[in-house]
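Visitor: Below you will find the structure I want to go over with you.
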Amino acid sequence: MKSFTPKSLIALISLAISAFAIGTTEFVIVGLLPTVASDLSISVTKAGSLVSGYAAAIAIGTPIVTAMTSRLPKKGLLLSLLIIFIAGNILSSFADTYQLLLLSRILTAVAHGVFFAIAATVATEMVPKDKQAQAISIMFTGLTVATILGVPFGTLIGQQLGWRATFLAVAVLGIIGLIANSVTIEKQKNTSEKLTVSDIGKLIRNPRIILALLMTSFGFGGTFAIFTYITPILEEVSGISNENIFWMLLLYGLATTVGNIIGGKMTNQHPVKGLRFVFLFQMTALLLQIILLPNQLLSYISVLLLGLFAFMMSPGVQAYIVALAEKLVPSAKDLASALNISGFNIGITAGSALGGYALDYMNLLDTAWIGAIMVFVALILAIVNYRLDVKQKLF
Numbered sequence: 003m004k005s006f007t008p009k010s011l012i013a014l015i016s017l018a019i020s021a022f023a024i025g026t027t028e029f030v031i032v033g034l035l036p037t038v039a040s041d042l043s044i045s046v047t048k049a050g051s052l053v054s055g056y057a058a059a060i061a062i063g064t065p066i067v068t069a070m071t072s073r074l075p076k077k078g079l080l081l082s083l084l085i086i087f088i089a090g091n092i093l094s095s096f097a098d099t100y101q102l103l104l105l106s107r108i109l110t111a112v113a114h115g116v117f118f119a120i121a122a123t124v125a126t127e128m129v130p131k132d133k134q135a136q137a138i139s140i141m142f143t144g145l146t147v148a149t150i151l152g153v154p155f156g157t158l159i160g161q162q163l164g165w166r167a168t169f170l171a172v173a174v175l176g177i178i179g180l181i182a183n184s185v186t187i188e189k190q191k192n193t194s195e196k197l198t199v200s201d202i203g204k205l206i207r208n209p210r211i212i213l214a215l216l217m218t219s220f221g222f223g224g225t226f227a228i229f230t231y232i233t234p235i236l237e238e239v240s241g242i243s244n245e246n247i248f249w250m251l252l253l254y255g256l257a258t259t260v261g262n263i264i265g266g267k268m269t270n271q272h273p274v275k276g277l278r279f280v281f282l283f284q285m286t287a288l289l290l291q292i293i294l295l296p297n298q299l300l301s302y303i304s305v306l307l308l309g310l311f312a313f314m315m316s317p318g319v320q321a322y323i324v325a326l327a328e329k330l331v332p333s334a335k336d337l338a339s340a341l342n343i344s345g346f347n348i349g350i351t352a353g354s355a356l357g358g359y360a361l362d363y364m365n366l367l368d369t370a371w372i373g374a375i376m377v378f379v380a381l382i383l384a385i386v387n388y389r390l391d392v393k394q395k396l397f
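Residue numbering for the sequence shown follows my numbering, starting at 3 and increasing by one per position.
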């Protein structure tokens, strides 16, 4: 972090605080699926749609809203999005039906996606080019710390006080993030050209951008094929008690933070070059779940491995899409960042849906090899992207 000025580092930490609040609300539902399903009298698979539905809302809404708000001051936009995020979580806490809970999460999700798209751009503008992936990894550390503290403690609150109390607690986290951003983030000079929804077409018509987005989708989808249903898997396959789910989620979260930091360093110079190894490790970790999860003792190792590689790709794929857009479609850099958030959440939607299919028609452990196949596709795409970069001399 030697190349970061104290001011930029504080600002990045502020963004990480907000990312912590936002990441908690997206992933805490994973630990509460059985509780929510029981309270609302729905199946666990249907409750899983609260994860995939949230992700789908991000995927669809993020690029559209980002384009429509492209000329707004970035700091003011970030603060406005946090206010919407807070309101959405308060609404979730009062939801007494599945439909209202899903609606409130969709509202929260749109604010979530646009926030990360803009925040990623703000983070890269604070530091030298050779440290951009690391800057993004610091911001995304908040997202991964959410899996360390937000998800397990949110799950514990939900088990003890009811799942609605969890969403109220997340709203309070959002307020803390709002205050931190308002104090530490400086007004950003808006140098972006005005974007429109039609600019999305410029990006998705570019085959190189599409290859990068598909890589993101398959990579994240592999993780969420199994992670969405990790609580019932640990309970039914590994024999972990309800009380110990907290510790398993805490272990998972600690591992994701380490993995995220490693991923930022591995992908600083040429993101996709390092991503080839990240995906290979991730695929191996997913396949090992089939062997490790059925053993209660070894399941702790399995969760550690799963977490270590779950978000290791995050800084690399985000830095890569921004760098690629700067070369190929420079006027739409902010929108490219937003589209990558969409790619991330398309992967979550697909992975969660495939995992839900396994729950309904196959075996719980089938979620592991389904995820591994998705990551294998991401690995092939990373190799193709790297070779094309070398051939076209883009980096």
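A virtual CB, placed ideally from N, CA and C, is assigned to each residue, including glycine.
Fair warning: this is a prediction, and the values are worked out from it, not measured in the lab.
Considering only residues of the same chain and omitting the five flanking positions on each side of G241, which have a CB-CB separation below 6 Å?
Guide: Your numbering for residue 241 matches position 239 in the sequence shown. Result list for G241: Q298, in chain order.
Visitor: Buried or exposed, going by whether 16 or more other CB atoms sit within 10 Å of the CB of R389?
Guide: The residue given as residue 389 occupies position 387 in the sequence shown. Classification of R389: exposed, given that the 10 Å Cβ count is below 16.
Visitor: Straight-line CA distance for G276 to V319?
Guide: Along the sequence shown, one-based indexing puts residue 276 at 274. Along the sequence shown, one-based indexing puts residue 319 at 317. Rounded to whole angstroms, G276 to V319 spans 10 Å at the Cα level.
Visitor: Out of curiosity, what's the CA-to-CA distance linking S54 and M217?
Guide: Sequence index remark: in the sequence shown, residue 54 carries index 52 (1-based). Sequence index remark: in the sequence shown, residue 217 carries index 215 (1-based). Those two C-alpha atoms are separated by around 19 Å.
Visitor: So, with DSSP's three-state summary, where would you put F87?
Guide: For the purposes of this step, residue 87 is taken as residue 85 along the sequence shown, with counting starting at 1. In this structure, F87 counts as helix in the three-state DSSP scheme.
Visitor: How big is the Cα-Cα spacing for P332 and P234?
Guide: Residue mapping note: residue 332 aligns to position 330 of the sequence shown, counting from 1. Residue mapping note: residue 234 aligns to position 232 of the sequence shown, counting from 1. Rounded to whole angstroms, P332 to P234 spans 45 Å at the Cα level.
Visitor: From I232 to V32, what does the alpha carbon distance come to, in whole angstroms?
Guide: As a first step, residue 232 is located in the sequence shown; it is residue number 230 there, counting from the start. As a first step, residue 32 is located in the sequence shown; it is residue number 30 there, counting from the start. Taking the straight line from one Cα to the other gives about 7 Å.
Visitor: Alpha carbon to alpha carbon, how far is L35 from K393? Give it in angstroms, no decimals.
Guide: Locating residue 393 in the sequence shown gives position 391, counting from the first residue. Locating residue 35 in the sequence shown gives position 33, counting from the first residue. Their Cα atoms are separated by approximately 47 Å.
Visitor: Of all the options F229, I343 and N246, which has the alpha carbon lying nearest to the alpha carbon of A287?
Guide: For the purposes of this step, residue 287 is taken as residue 285 along the sequence shown, with counting starting at 1. Checked all of F229, I343 and N246; the closest Cα to A287 is F229.
Visitor: The alpha helix (DSSP H) with T233 in it runs from where to where?
Guide: Stepping through the sequence shown from its first residue, residue 233 is reached at position 231. First-last of the alpha helix (DSSP H) with T233: I232 to E238.
Visitor: Which stretch, first to last residue, makes up the alpha helix (DSSP H) that contains H272?
Guide: In the sequence shown, counting from the first residue as 1, residue 272 sits at position 270. Note, H272: premise wrong, no alpha helix (DSSP H); not H, not E.
Visitor: My guess is that G357 and M376 are in contact by the Cβ rule of under 8 Å, so how many angstroms apart are they, rounded?
Guide: Taking the first residue of the sequence shown as 1, we reach residue 357 at position 355. Taking the first residue of the sequence shown as 1, we reach residue 376 at position 374. Contact flag wrong, Cβ pair sits at about 10 Å.
Visitor: Once the 5 residues before and after A18 are set aside, which same chain residues still bring their CB inside 7 Å of it?
Guide: Stepping through the sequence shown from its first residue, residue 18 is reached at position 16. Contacts found: I140, M141, T143 and G144.
Visitor: Which word fits M70, buried or exposed, when buried means at least 16 other C-beta atoms lie within 10 angstroms of its C-beta?
Guide: Here residue 70 refers to the residue found at position 68 of the sequence shown. So M70 ends up on the exposed side.
Visitor: Check whether the Cβ atoms of A227 and I85 lie closer than 8 Å to each other.
Guide: Here residue 227 refers to the residue found at position 225 of the sequence shown. Here residue 85 refers to the residue found at position 83 of the sequence shown. No. Outside cutoff.
Visitor: Below 8 Å on the Cβ atoms is my contact criterion, and I expect N347 with A61 to pass it. Report the Cβ-Cβ distance as a whole number of Å.
Guide: Taking the first residue of the sequence shown as 1, we reach residue 347 at position 345. Taking the first residue of the sequence shown as 1, we reach residue 61 at position 59. Yes, they are in contact, since the Cβ atoms of N347 and A61 sit about 4 Å apart, within 8 Å.
Visitor: When burial is assigned at 16 or more other CB atoms within 10 Å of the CB, is G78 buried or exposed?
Guide: As a working mapping, residue 78 is identified with position 76 in the sequence shown. Looking at its Cβ environment, which holds fewer than 16 other Cβ atoms inside 10 Å, G78 is exposed.
Visitor: What's the C-alpha gap between M3 and M128?
Guide: Taking the first residue of the sequence shown as 1, we reach residue 3 at position 1. Taking the first residue of the sequence shown as 1, we reach residue 128 at position 126. Here the model assigns M3 a pLDDT of 46, short of 50, so the residue's position is not dependable, and the following value carries that caveat. If you take the alpha carbons of M3 and M128, they lie about 13 Å apart.
Visitor: Out of curiosity, what's the CA-to-CA distance linking L103 and T110?
Guide: By 1-based counting over the sequence shown, the position of residue 103 is 101. By 1-based counting over the sequence shown, the position of residue 110 is 108. Approximately 11 Å between the Cα atoms of the pair.
Visitor: Could you say if the region 146-165 and the region 37-52 meet the contact criterion of at least three C-beta pairs nearer than 8 Å?
Guide: Segments in contact, yes.
Visitor: How is M3 classed by DSSP in three states: helix, strand or coil?
Guide: Within the sequence shown, numbered from 1, the residue matching residue 3 stands at position 1. Here the model assigns M3 a pLDDT of 46, short of 50, so the residue's position is not dependable and the matter cannot be decided.
Visitor: Measure the CB-CB distance between T399 and A340 and report whether it falls below 8 Å.
Guide: With the chain covering only 3 through 397, there is no way to say anything about residue 399.
Visitor: So, at 7 Å on beta carbons, what are the nonlocal neighbours of L236 in its own chain, with the 5 sequence-adjacent residues on each side left out?
Guide: On the sequence shown, position 234 is the one that residue 236 refers to. Hits under 7 Å: I242, I247, M250 and S301.
Visitor: Find the nearest neighbour of A113 within the set L180, Q136, A171 and R210, judged by alpha-carbon distance.
Guide: Looking up residue 113 in the sequence shown gives position 111. Of the candidates L180, Q136, A171 and R210, the one whose C-alpha sits nearest the C-alpha of A113 is L180.
Visitor: Which residue's Cα is closest to the Cα of L294: L307, A59, L11 and G224?
Guide: Counted from its first residue, the sequence shown places residue 294 at position 292. With distances taken between Cα atoms, L294 lies closest to L307.
Visitor: Would you tell me roughly how many angstroms separate the C-alpha atoms of A58 and T351, rounded to the nearest one?
Guide: Numbered from its first residue, the sequence shown carries residue 58 at position 56. Numbered from its first residue, the sequence shown carries residue 351 at position 349. Those two C-alpha atoms are separated by around 6 Å.
Visitor: Quick one, are the C-beta atoms of N91 and A173 less than 8 Å apart?
Guide: Against the sequence shown, residue 91 aligns to sequence position 89. Against the sequence shown, residue 173 aligns to sequence position 171. Contact: yes.
Visitor: By alpha-carbon positions, which one of A370, I138, V305 and V239 ends up nearest to N262?
Guide: Here the question's residue 262 lines up with position 260 in the sequence shown. Checked all of A370, I138, V305 and V239; the closest Cα to N262 is I138.
Visitor: Nearest-angstrom Cα distance between G345 and L213?
Guide: Here the question's residue 345 lines up with position 343 in the sequence shown. Here the question's residue 213 lines up with position 211 in the sequence shown. Whole-angstrom Cα-Cα distance: 11 Å.
Visitor: Round the Cβ separation of I120 and L93 to the nearest angstrom and send it over; I've been treating them as touching at under 8 Å.
Guide: Numbered from its first residue, the sequence shown carries residue 120 at position 118. Numbered from its first residue, the sequence shown carries residue 93 at position 91. Contact doesn't hold; Cβ gap of about 23 Å is too wide.
Visitor: Is the Cβ-Cβ distance between L274 and A125 less than 8 Å?
Guide: Within the sequence shown, residue 274 is the residue found at index 272, counting from 1. Within the sequence shown, residue 125 is the residue found at index 123, counting from 1. Looking at the sequence provided, one finds Val at residue 274 rather than Leu. The answer is no: Cβ separation not under 8 Å.
Visitor: Return the residue from the list F29, L74, L175 and D391 that minimises the CA-CA distance to Y56.
Guide: Within the sequence shown, numbered from 1, the residue matching residue 56 stands at position 54. Y56 has its Cα closest to that of F29, out of F29, L74, L175 and D391.
Visitor: Have a look at A325, G221 and M315 and flag the residue whose alpha-carbon is nearest the alpha-carbon of G265.
Guide: For the purposes of this step, residue 265 is taken as residue 263 along the sequence shown, with counting starting at 1. Of the listed residues, the one whose Cα sits closest to G265 is M315.
Visitor: So, at 7 Å on beta carbons, what are the nonlocal neighbours of V260 in its own chain, with the 5 sequence-adjacent residues on each side left out?
Guide: Here residue 260 is taken as the residue at index 258 of the sequence shown, counted from 1. Closer than 7 Å at the Cβ level, and outside the excluded window around V260, lie L310.
Visitor: With a threshold of 6 Å on Cβ separation, who are the neighbours of F399 within its own chain once the five nearest residues in sequence on each side are excluded?
Guide: Summary: the structure shown does not reach residue 399, with the chain confined to residues 3 through 397, and so no result is reported for it.
Visitor: Under 8 Å between the Cβ atoms of L175 and S95?
Guide: As a position in the sequence shown, residue 175 is number 173, starting the count at 1. As a position in the sequence shown, residue 95 is number 93, starting the count at 1. No, these two residues do not count as a Cβ contact at 8 Å.
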